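As structure tokens, this is what we get:
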């Protein structure tokens with residue numbers, strides 16, 4: 001005889017109400033209200049944060065594209081500030097983009113990648129001008 005399938009505790013959330021970090025930084029909790037107006041809390045180790053950070057943006061993009069039936073849509077945030085720093089290895093440049101509400105993300109770039117980023121507005125304008133010309 002096989003063991004019965006484990007029971008999965010499903011929460012049909014209506015919305016999130018909070019986010020808390022443990023004092024020692026070892027875990028965090030997502031809090032919300034379910035469809036029956038009952039409060040719930042999901043506690044996860046902070047090791048899960050990296051996975052969520054890398055997974056949620058792509059999930060949000062896929063959801064938006066499916067909902068609008070448009071695979072060309074992108075989620076775009078206006079950059080409030082941009083910083084470029086040299087990393088401790090003296091070869092990697094750290095590009096940090098921040099929004100006005102405090103969201104920020106940093107990328108490690110090579111010198112060649114920095115040059116590509118720096119040249120991108122000029123190249124985009126050239127391509128746009130070429131596309132706008134009559135044949």
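In full-length UniProt numbering, the protein residues as written are 1 to 135.
Glycine included, every Cβ here is placed at the ideal spot set by N, Cα and C.
If you're wondering where the values come from, they're calculated on a predicted model, not measured in any experiment.
Simplified DSSP state of residue i, which is helix, strand or coil
{"i": "residue 156", "result": "Here the chain has residues from 1 to 135 only, and residue 156 is not among them."}
{"i": "residue 98", "result": "strand"}
{"i": "residue 17", "result": "strand"}
{"i": "residue 25", "result": "coil"}
{"i": "residue 120", "result": "helix"}
{"i": "residue 128", "result": "helix"}
Beta-carbon proximity list for residue i, same chain, < 8 Å, skipping 5 on both sides
{"i": "residue 39", "result": "17, 31, 32, 33"}
{"i": "residue 57", "result": "75"}
{"i": "residue 85", "result": "93, 94, 96"}
{"i": "residue 82", "result": "95, 96, 97, 98"}
{"i": "residue 13", "result": "32, 33, 34, 35, 40"}
Close Cβ partners of residue i (< 6 Å) along its chain, the five nearest in sequence each way excluded
{"i": "residue 87", "result": "94"}
{"i": "residue 92", "result": "108"}
{"i": "residue 29", "result": "20, 41, 43"}
{"i": "residue 100", "result": "80"}
Cut-off 7 Å between Cβ atoms - residues of its own chain near residue i, not counting five sequence neighbours on either side
{"i": "residue 64", "result": "73, 75"}
Counting only runs that start and end within the region 40-89, where is the alpha helix (DSSP H) found for 4 or more residues in a row? 47-68
If contact is defined by three or more beta carbon pairs under 8 Å, each pair taking one atom from either stretch, is the region 28-46 in contact with the region 71-85? no
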